[in-house]
Amino acid sequence: MSEIKWVVPMSSGNHVIEFSHGTTTGSRLIKVDGKEVVRQDWMFRLVGEETFTVGPKKVPARLKIEAVGGVTYSYKLYLKEKLLEKYVREAAKNMLIWKVILPSGFKQRIAIEKDTLDIWVGNEKIEAESGFTDNGSEQLFVLEGKQFQILVFTSGKRHEGIIHQLIYDGELCVPQDP
Numbered sequence: 001m002s003e004i005k006w007v008v009p010m011s012s013g014n015h016v017i018e019f020s021h022g023t024t025t026g027s028r029l030i031k032v033d034g035k036e037v038v039r040q041d042w043m044f045r046l047v048g049e050e051t052f053t054v055g056p057k058k059v060p061a062r063l064k065i066e067a068v069g070g071v072t073y074s075y076k077l078y079l080k081e082k083l084l085e086k087y088v089r090e091a092a093k094n095m096l097i098w099k100v101i102l103p104s105g106f107k108q109r110i111a112i113e114k115d116t117l118d119i120w121v122g123n124e125k126i127e128a129e130s131g132f133t134d135n136g137s138e139q140l141f142v143l144e145g146k147q148f149q150i151l152v153f154t155s156g157k158r159h160e161g162i163i164h165q166l167i168y169d170g171e172l173c174v175p176q177d178p
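Quick note on numbering: the UniProt record's numbering labels position 166 of the sequence shown as 166, and the sequence is numbered without any gaps.
Below is the structure:
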C-alpha cells in the first residue's frame, strides 16, 4: 500500500489531498480535506488516472498513476491541467495573503485574488463594498465589528505594477507567503 499527501495552497486556504494506492489490488482512495472523494476498491489495472475537484471553487484535479518499473509507481497531481508545482507557483503570483488577529484573539487568514479581486476570509468568499478612489480602487468589509480596507492602486513604476494593501484598524498589514 502506497500513501502520499499533498498540501495545496489556494485562496480559500490550504487544502490537503491524501491518496492511498493498493499496489496489489489496484484499490484507490482519494480524500480532500479529510472527505472521501474517490474510492475504487478493486481494479485490474494498477495504473491510470482519477479526476476530482478541490476546494469551494471546485478546481479540477487529476491524479496520474504511472508504473516506473516492477512494482514501483509514480504519482503526479495536476490542478487545472498544470503539474502541482507549476500551479502553486502561478497561484502564488495571483494571490496575496494576510494574517490578522481579530478583537476576539482569533488569528484570521484574509486572501485576495489579484485577477478577480475576490476576497476570502478563512475558507469563505465574502462580499465587500467596492468603490473607486483618486488613485485606484478600494474594497471595504467588516469582521467582528472592525473595518477592513483593501486598496488597489498602481505603483507608478513599470516593474512594480499594481499594489494591493490591507488596512486593518488604521494600520497597514504585511502580506504573508501562501
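For glycine and all other residues, C-beta sits at the position ideal for the given N, C-alpha and C. Just so it is clear, the structure is predicted and the values come from calculations on it, not from any experiment.
Unbroken beta strand (DSSP E) run spanning residue i, endpoints
| i | result |
| --- | --- |
| V7 | 2–10 |
| G13 | 13–21 |
Residue i, DSSP secondary structure in three states
| i | result |
| --- | --- |
| T154 | strand |
| H159 | coil |
| G26 | coil |
| G145 | coil |
| G136 | strand |
| G131 | strand |
Bridge partners - residue i, DSSP secondary structure assignment
| i | result |
| --- | --- |
| E124 | V121 |
Residue i, buried or exposed, once every other Cβ within 10 Å from all chains shown has been counted against 16
| i | result |
| --- | --- |
| F44 | exposed |
| A67 | exposed |
| S12 | buried |
| V8 | buried |
| L140 | exposed |
| E47 | Note that residue 47 is Val in the sequence shown, not Glu. So V47 ends up on the exposed side. |
| F132 | exposed |
| A92 | exposed |
| G105 | exposed |
| I162 | exposed |
| Y87 | buried |
| I65 | buried |
| H21 | buried |
| message | My parser needs the alpha helix (DSSP H) runs of 4 or more residues fully inside the stretch 31–117; what are they? | response | Look at the stretch 31–117 and you find these whole runs of alpha helix (DSSP H), each 4 residues long or longer: 84–93.
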